[in-house]
Amino acid sequence: MLKYSVKRILGMIPLLFVISLIAFMFVHLIPGDPARLIAGTDATIEEIENIREKYGLNQPLYQQYFDYMANLFQGDLGQSIVTGRPVLDMLVERFGPTLSLTLASMAWALIFGLLIGVISAVKRNKWPDHLSMFLAVSGVSIPSFWLGLMMIQLFSVQLGWFPTGGIGGFETYILPSFTLGAGVAAIIARFTRSSLMDVLKEDYIRTGRSKGLTEFKVINRHAVRNALIPVVTMSGLQFGFLLSGSIITETIFSWPGLGRLLINSITARDYPVIQSEILLFSLEFLLINLLVDLLYGFLNPKIRYEEGS
Amino acid sequence: MTEPILSINQLYTSFRVDGETIPAVEGIDLSLYPGEIVGLVGESGSGKSVTSLSVMQLLDETPGEVTGGEVLFQGKDLLKFTDRQKRKVRGNDISMIFQEPMTSLNPVLKIGKQLIEAIREHQRISQTEARKHAVHMLNQVGIPRSEEIMNEYPHQLSGGMRQRVMIAMAMSCDPKVLIADEPTTALDVTIQAQILDVMRNMRKEHNTSILFITHDLGVIAEMCDRVAVMYSGRIVEQGTVYEIFENPKHPYTKGLLGSIPKLGAKEDRLDSIQGQVPTVEDRPKGCKFANRCPFVMDHCWEEEPPLFDGENRCWLHEREEA
Amino acid sequence: MAEAATQKEEQQEKKVTPTQQFWKSFKKQKVSFAAGIFLLLLFVVAIIGPWIAPYGPQEYDYDNLLSGPSWQHLAGTDDFGRDIFSRILHGAWISLSVGLSSVFIGALLGTILGIISGYFGKWVDSAIMRVMDVLLAFPGMLLAIGIIAILGPGLFNVVMAVAIFSVPVFARIIRSSTLAIKSTLYVEATQSIGSSHFRVIMKHIFPGTVSTLIVYFTMRIGSAILIAAGLSFLGLGADPSTPEWGAMLSNGRDYLNNAPHVTFFPGLAIFLTVLAFNLLGDGLRDALDPKIRD
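Rendered as structure tokens:
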């Protein structure tokens with residue numbers, strides 16, 4: 001297990017390099033003069049020169065990259081063009097709401113997804129299966145912005161059960177997390193179903209039945225545990241989907257998270273913020289992938305023992 | 001003679017594929033007496049595994065379905081049991097081991113857990129007692145370091161060891177009948193012999209009846225008291241091992257025996273049965289073996305032979321009947 | 001277990017051509033079949049939409065602002081009094097062509113890369129696949145937004161963004177079918193008699209990947225339409241005045257309280273279209289590619 005983990009962590013290093021490079025290059029990839037972009041549209045020539053000097057944009061590219069990385073390690077991500085505040089502060093205060101929304105969405109996506117998937121596999125080719133799978137296809141097909149707005153219309157405007165947006169107590173999480181989690185729940189349901197159906201064909205399931213176990217015990221103890229290994233891996237990767245989905249959901253529900261900040265920055269051409277957001281989102285995906293790999297190793301006794309001992 | 005512990009009477013099992021019904025077992029009669037090992041032999045597709053799954057009632061998850069007949073266990077028809085009653089029989093009175101030891105154990109559960117589960121399903125005993133019994137069973141099937149093995153996962157064991165674990169598990173509730181579906185086919189020859197030994201010991205110690213399914217006549221000769229030969233979903237011949245090997249009556253049995261290499265005999269090539277098991281729709285109208293039989297007569301194509309003397313299904317033996 | 005059954009199936013398969021076989025199993029998927037017919041109708045509507053729509057896409061009716069569905073305006077009107085039903089008909093063409101063209105570009109590039117990668121192997125393969133892995137590590141939406149952030153907003157850039165994130169999906173899947181085909185004997189035989197790489201690829205490798213390509217192509221269109229509409233909704237895609245479904249929906253947000261139909265109908269159009277593509281894709285996969293069948 002230790003060897004496996006170290007291998008996985010070391011494998012991240014080249015990717016980290018690539019990501020830092022992409023984030024760094026971002027400002028340079030946009031057509032036009034980076035100094036002018038950072039300075040904003042109504043900057044004077046003098047201001048632009050100041051920016052060029054300050055950000056070292058007159059230096060050779062590799063020197064700029066080293067400086068960028070040096071600043072990065074000191075926690076200096078530059079300042080927002082729009083607000084003038086340090087980007088790091090902005091990201092830090094936005095991180096919590098996005099994380100909590102993502103976790104809430106994943107929690108219910110897992111509960112519903114697993115439940116629907118298991119029912120579907122156990123009742124395969126009967127009506128509960130057909131219904132569940134139709135719901136699942138609908139779940140991946142429904143535009144989240146439409147689902148979110150329709151839920152606001154029904155539950156907030158018409159019924160007045162939940163607020164239309166903003167972050168606060170438990171009730172403010174329900175609509176946004178439902179909107180964000182619907183697609184992932186659908187994906188988990190489909191995946192659980194096919195994974196469980198594969199497992200139910202395995203010989204050890206027949207062994208379980210031949211011991212005289214009830215169908216519930218066969219599915220619960222023998223099938224689900226095995227079927228969960230790939231499901232957990234896949235669900236973990238769906239965190240990425242949730243993070244990117246949060247961009248739309250946060251916009252709909254006026255949620256003060258990273259996603260809404262990203263859209264606002266893009267609209268306002270706040271390049272230092274966009275640059276750091278790209279870096280942050282990328283790091284999050286890498287981290288998720290790593291955690292999922294480690295979790296997979298932990299769940300699978302073959303990896304946990306063989307490579308560890 | 002004593003009453004049979006298990007008797008299969010006129011069992012019919014068929015599969016439903018794309019709305020069509022395909023018969024797999026067509027009217028089998030077979031009895032198993034206490035402490036007896038009966039071999040069920042045949043080529044793949046002859047219906048021997050389906051027979052065993054029908055007896056265990058493990059067809060639910062396959063497209064297969066028992067369509068007729070009865071399976072009497074201690075005089076009671078298993079086919080009429082409720083699901084609950086069936087579960088009480090499975091693993092307790094009748095247990096089963098399978099062909100693939102590599103995949104028949106759950107890879108994510110420790111060996112001990114899987115054994116204890118089987119024990120506690122049918123016996124009201126504590127976790128500690130069940131554990132003790134599990135270790136005892138592992139010792140009985142000849143597993144060294146049984147205490148340690150209890151805490152290991154299946155992938156840490158070899159195929160032979162896993163099959164021993166399967167036998168320990170199957171025998172843990174002291175069943176009356178053990179169904180072994182090709183238990184040694186996937187193993188090396190040396191390991192095969194060890195596993196057969198373990199099974200013989202089990203029979204001796206627990207007086208268990210064993211239904212031994214295989215395509216390997218060599219194993220039959222070594223293990224069994226009686227043999228039933230299956231072809232195209234029917235039993236074509238049955239008798240004691242001695243009778244069948246010394247004096248096979250059905251041409252199919254003769255063919256099977258002819259395809260085993262004999263020690264000492266100098267043969268350029270082995271006899272083999274020509275052709276393949278016919279598919280359901282190509283089965284001859286009369287005797288199902290007619291298209292491959294070296295002794296085929298006109299009558300064979302017309303009418304299916306009944307079981308003469310209760311032991312073989314071939315028109316060649318009609319005269320003896322009369 | 002049921003050897004007899006499988007043998008029988010094989011025999012039946014021998015008697016029919018692959019196309020007949022495909023039709024036979026595809027027609028069994030009733031829901032997918034219906035989805036296919038729905039999409040066929042949608043394509044017709046997309047083409048003749050401008051002629052059958054009762055109103056023009058920018059036809060203002062200041063007497064009917066934000067009025068609900070009626071016989072006069074089937075899906076109601078928006079804040080400029082424009083007929084929403086007519087705009088949806090006009091917009092069908094935009095949504096479909098954005099979805100189709102972006103996936104087409106992505107599939108084209110992805111297939112070329114995938115075949116090159118699988119066929120030539122070695123360092124070419126590892127180089128291409130490394131890049132694809134990095135691209136694939138990012139969810140489509142974020143990658144698309146990143147690309148839009150660089151290229152700037154606009155429908156054309158949306159097509160490019162969606163195309164780029166489709167590339168690794170196709171590259172990966174086509175690479176693996178290429179590897180499978182390459183290892184078959186007939187390709188080795190053709191190579192050994194000295195056919196050029198190009199010829200081997202075009203005559204033997206590419207035709208073998210077509211069924212996989214069709215399945216993935218169909219399945220990607222749904223998500224492409226969804227993401228394109230999402231980008232337009234966020235104001236990063238189509239110009240707000242065009243009858244693009246996502247943009248229409250975005251316009252309606254401000255009137256959600258008193259005129260929910262302005263957002264409801266364009267959203268429904270997106271949902272049904274994406275649903276139809278996904279259902280069709282599932283059916284095609286089951287009919288064409290038994291390997292990935294449940």
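Protein chains in written order, with UniProt numbering: chain A, 1 to 309; chain B, 1 to 322; chain C, 1 to 294. Every residue gets a Cβ at the ideal spot worked out from N, C-alpha and C, and that includes glycine.
With the cut-off set at 8 Å, would you say residue i and residue j are in Cβ contact?
i	j	result
I19 (chain A)	S282 (chain A)	yes
H261 (chain C)	G68 (chain C)	yes
F265 (chain C)	I88 (chain C)	yes
V17 (chain B)	S54 (chain B)	no
I28 (chain B)	I273 (chain B)	no
A144 (chain C)	V131 (chain C)	no
L280 (chain C)	T218 (chain C)	yes
M223 (chain B)	I37 (chain B)	yes
L243 (chain A)	I150 (chain C)	no
M102 (chain B)	R162 (chain B)	yes
V224 (chain A)	Y296 (chain A)	no
I210 (chain B)	M199 (chain B)	yes
V41 (chain B)	H215 (chain B)	yes
S128 (chain C)	L109 (chain C)	Rather than Ser, the amino acid found at residue 128 (chain C) in this sequence is Ile. For I128 (chain C) and L109 (chain C), no; Cβs fall outside 8 Å.
V241 (chain B)	L6 (chain B)	no
Y153 (chain B)	K110 (chain B)	yes
G259 (chain A)	S276 (chain A)	no
F38 (chain C)	A276 (chain C)	yes
G257 (chain A)	V292 (chain A)	no
P207 (chain C)	G91 (chain C)	no
Pick out whichever of the options has its Cα sitting closest to the Cα of residue i.
i	options	result
T120 (chain C)	C:S97, C:I181, C:Q21	First, the amino acid is wrong: residue 120 (chain C) is Phe here, not Thr. Checking every option, the nearest Cα to that of F120 (chain C) belongs to C:I181.
W245 (chain C)	C:A229, C:F85, C:S32	C:A229
T267 (chain A)	C:V45, C:L40, C:L231	C:L231
N258 (chain C)	A:V157, A:A185, A:W255	A:V157
Y12 (chain B)	B:P23, B:E3, B:L6	B:P23
T77 (chain C)	C:N251, C:N278, C:I270, C:D286	C:N251
A35 (chain A)	A:L21, A:I81, A:F73	A:I81
A180 (chain B)	B:S158, B:D188, B:T190, B:R203	B:R203
L286 (chain A)	C:W71, C:D83, C:L136	C:L136
G218 (chain B)	B:L257, B:V296, B:H206	B:L257
S144 (chain A)	C:G267, C:T184, C:G283, C:F277	C:G267
F165 (chain C)	C:S176, C:G146, C:N64	C:G146
D133 (chain C)	A:R269, A:S265, A:P14	A:P14
T184 (chain B)	B:F212, B:D174, B:S44, B:L157	B:F212
S158 (chain B)	B:R124, B:A130, B:T208, B:L105	B:L105
G160 (chain A)	A:I229, A:I187, A:I152	A:I152
For residue i and residue j, which I take to be in contact (beta-carbon distance under 8 Å), what is that distance rounded to the nearest angstrom?
i	j	result
T102 (chain A)	F239 (chain A)	7 Å
G47 (chain B)	M230 (chain B)	6 Å
I227 (chain C)	T273 (chain C)	I227 (chain C) to T273 (chain C), Cβ: 13 Å. No contact.
V218 (chain A)	R209 (chain A)	6 Å
G183 (chain A)	G139 (chain A)	6 Å
E65 (chain B)	A186 (chain B)	Incorrect: roughly 28 Å between the Cβ atoms, too far for contact.
S172 (chain B)	A134 (chain B)	7 Å
I205 (chain A)	H222 (chain A)	6 Å
G216 (chain C)	V169 (chain C)	For the sequence presented, residue 216 (chain C) should be read as Tyr rather than Gly. So it is a contact: roughly 7 Å between Cβ atoms.
Run through the DSSP bridge pairs and tell me what residue i is partnered with.
i	result
M230 (chain B)	B:I235
Y60 (chain C)	Note: Y60 (chain C) sits in no beta bridge, so no partner.
M137 (chain B)	Bridge partners of M137 (chain B): none, in fact.
S7 (chain B)	B:S31, B:L72
N312 (chain B)	B:E237, B:F308
R65 (chain B)	It should be pointed out that residue 65 (chain B) corresponds to Glu in this sequence rather than to Arg. For E65 (chain B), which the question treats as bridged, DSSP gives the partners B:S14.
L211 (chain B)	B:V38, B:I179
T77 (chain C)	C:D83
residue 385 (chain B)	Because chain B here runs from 1 to 322, residue 385 (chain B) falls outside it and cannot be looked at.
R90 (chain B)	B:I94
Q79 (chain A)	A:P86
Just to confirm, does residue i get its C-beta within under 7 Å of one of the non-hydrogen atoms of the ligand HEM?
i	result
P175 (chain B)	The model on display carries no ligand, and the ligand HEM is accordingly not part of it.
(request) Output the residue ranges of the alpha helix (DSSP H) runs that lie fully inside the segment 152-199 of chain B and measure 4 residues or longer, sorted by chain position. (result) Complete alpha helix (DSSP H) runs here, min 4: 159-171.
(request) Only counting runs of 4 or more residues, tell me where the alpha helix (DSSP H) segments fall wholly within the segment 21-49 of chain B, in order along the chain. (result) none
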